[in-house]
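*Asks:* Residue numbers (this note's numbering): 16 to 502.
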Amino acid sequence: MPLRVRLAAVFALGTVFVLAGVGVLFYLQLRSSLRTSLDAGLAARSEGLRVRLTGADVPLDATLASAGPLGQLIGADGRVLAASPPARTWPLVGGDVLASARSGPVLVTVRVGEEGTRVRAEPLTLTPGRRVVLLVGSPTKIIDAAEDRVRDVMVLASVPMVAVSALAAWVLSGAALRPVERMRRQAAAMGVADTGGRLEVPPTRDEIAALADTMNDLLDRLHAARARDRAFVADAGHELRTPLTILKAELELALRPGRSIGELTEAVSGAAGETDRLIRLAEALLALARFDTDSGQLVHREPVCLADLLRQAVRAATPAAHMKGARLRLTVEGPLLADVDPDRVRRAVDNLLGNAVRHAPPETEIEVSAALSPEETVTGTGPAAVLLQVRDHGPGFPADFLPRAFDRFSRADAARTRGEGGAGLGLAIVAAIAAAHGGRATAANHPDGGALVTLVLATDRLLAGWDGTSSDGRPTSPCSESSDRQG
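1) Is it buried or exposed for Leu270, if we count other Cβ within 10 angstroms and need 16 for buried?
2) According to DSSP, simplified to helix, strand and coil, what is Gly86?
3) Report the CB separation of Gly131 from Asp159 in whole angstroms; it is logged as a contact under 8 angstroms.
4) Can you say whether Gly144 is buried or exposed, counting buried as having 16 or more other CB atoms within 10 angstroms of its CB?
5) Please report the straight-line C-alpha distance between Thr78 and Leu68, rounded to a whole angstrom.
6) For Asp503, write down the residues that DSSP places opposite it in a beta bridge.
7) Give the C-beta separation of Ala447 and Leu268 to the nearest angstrom, bearing in mind that I take them to be a contact with Cβ-Cβ under 8 angstroms.
8) As a quick exercise: from Glu289, Ser48, Ala227, Arg135, pick the residue whose alpha carbon is nearest that of Val125.
9) Would DSSP call Ala449 helix, strand or coil?
10) Skipping 5 residues on each side, what residues in its chain have a beta carbon closer than 6 angstroms to that of Gly411?
11) DSSP beta-bridge partners for Ile381?
12) Report yes if the C-beta distance between Leu300 and Pro258 is below 7 angstroms; otherwise report no.
13) With Ser118 as the anchor, note down where its alpha helix (DSSP H) starts and where it stops.
14) Here's the rule I'm using: 16 or more other beta-carbon atoms within 10 Å means buried, otherwise exposed. How should Met198 be labelled?
15) So which of Gly409, Ala322, Glu137 has the shortest CA-CA distance to Ala385?
16) Using a C-beta cutoff of 7 angstroms, does Ala184 count as contacting chain C?
17) Which runs of the alpha helix (DSSP H) at least 4 residues long sit entirely within the segment 34-100? Give them in chain order.
18) Rounded to the nearest angstrom, how far is the Cβ of Phe41 from that of Ser180, given a contact under 8 angstroms?
19) In this structure, what does DSSP give as the bridge partners for Ser153?
20) Exposed or buried, what is Met16 when buried is set at 16 or more other beta-carbons lying within 10 Å of its beta-carbon?
21) As a quick exercise: from Ile381, Thr474, Val360, pick the residue whose alpha carbon is nearest that of Leu442.
22) Measuring alpha carbon to alpha carbon, tell me which of Asp232, Ala264, Ala23, Val364 ends up nearest Ala332.
23) What residue does the beta strand (DSSP E) around Arg213 start on, and which one ends it?
24) Going straight from the alpha carbon of Pro377 to that of Arg330, what length do you get?
25) For Leu472 and Asp354, I'd like the C-alpha separation in whole angstroms.
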């Protein structure tokens, strides 16, 4: 059922309940007022008869008749002593009412013939020693008819009022939902290829306008994500095309007749190198895709000695650095036991060291350091953080590259060959690993020269020591060495 119909139905139903409640209260109040007025009239008649009958020698029937219809005097034995037409034979009320009336006034409603009658009964002393019960009555058909007319009028008037309220709700809800319907049509008209579509924001500053703003923000994020995905696919295809082209060329050369063993070996070696490059590129793309899907599920934190992790990474990068004529120097302030994912952090450090070794000039030093973040936290209120830095003494990053240093497929030197500079995914993976740890990665040029990449990792806790124990009960530590510096 459309929302507009539901709103009109709910509004009409609410109107029915309101009118019913107000009508019932008004009807009960009107009925009470009419009954009170009738009882007051009976009391006045009864008082007039009391004055005329008490202590006077007057004809009882004539006196009762002159005061109006339905008047009776009932003796002590329950018989009618006098009455006005048409109440002459039987008492208007029963014996229990007469018994109660001998001690005070009583008001009851009885039926006389086919009509309802309101009767007032009260004691009366005609002469000393002669007590009777005075009955005066009045038909209720007039007030019954008035009550019926009022009830009918209220019922008949409620029908158009409910209809008018439903119509008003229909019109008002239509006006209120018109911007929503317009936004729905605009959203439905947006094609899959529409990368700039936005919803019209109503000029009113209400919830509908807020919804339109929120939807536009969502569309902007979706458009940006789609643009990133398209760029990612295009860049990935471009990166894959080059090694595949080279691989195809190498294989075609190997298939040419008359090739010598040396030429075949060279062609196969080239094809193997391009295959390794394709594998590395595919692994990098897969890693980034996994981080985009759910980075939190990829990080498995455990207590890790960052000093040992960095020593292992530096040791693994040392042969490549020596081939470039560069030196690696590691500085760690304490063991730095932290809850991080060792595999992810090791990959980030390997990427940073690989970039630094690749671009470090000969006879220069690559500095690797780790310490407690001077900010103590990443956000100022979150968990503790550690700070890893890798610095070389080369020319540094181009100024226009720094804002996009961690973008995918970005390279500091666009003219550099892919074989020398990689696919431009290393720093992007570093940034993804930092974000998965609740941290961040930054790139800058050191004031004294060279490129400086900083990796801040948020950790649930920084452990001053290790609470494990060996078989003989002595404390153990995950750090294999206690020194803080490695040359």
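For glycine and all other residues, C-beta sits at the position ideal for the given N, C-alpha and C.
*Replies:* The short version:
1) exposed
2) strand
3) 7 angstroms
4) exposed
5) Rounded to the nearest whole angstrom, the C-alpha separation of Thr78 and Leu68 is 8 angstroms.
6) Any question about residue 503 goes unanswered here, given that the chain covers just 16 to 502.
7) That pair is no contact at about 38 angstroms.
8) Arg135
9) helix
10) Asn460, Gly465, Ala466
11) Leu343
12) no
13) Note, Ser118: premise wrong, no alpha helix (DSSP H); not H, not E.
14) buried
15) Ala322
16) Judged by its chain identifiers, the structure shown contains no chain C, having just a single protein chain.
17) 75-81
18) Wrong, their Cβ atoms sit about 18 angstroms apart, outside the cutoff.
19) Arg133
20) exposed
21) Val360
22) Val364
23) No beta strand (DSSP E) holds Arg213; DSSP gives it neither H nor E.
24) Cα-Cα distance, rounded: 18 angstroms.
25) 10 angstroms
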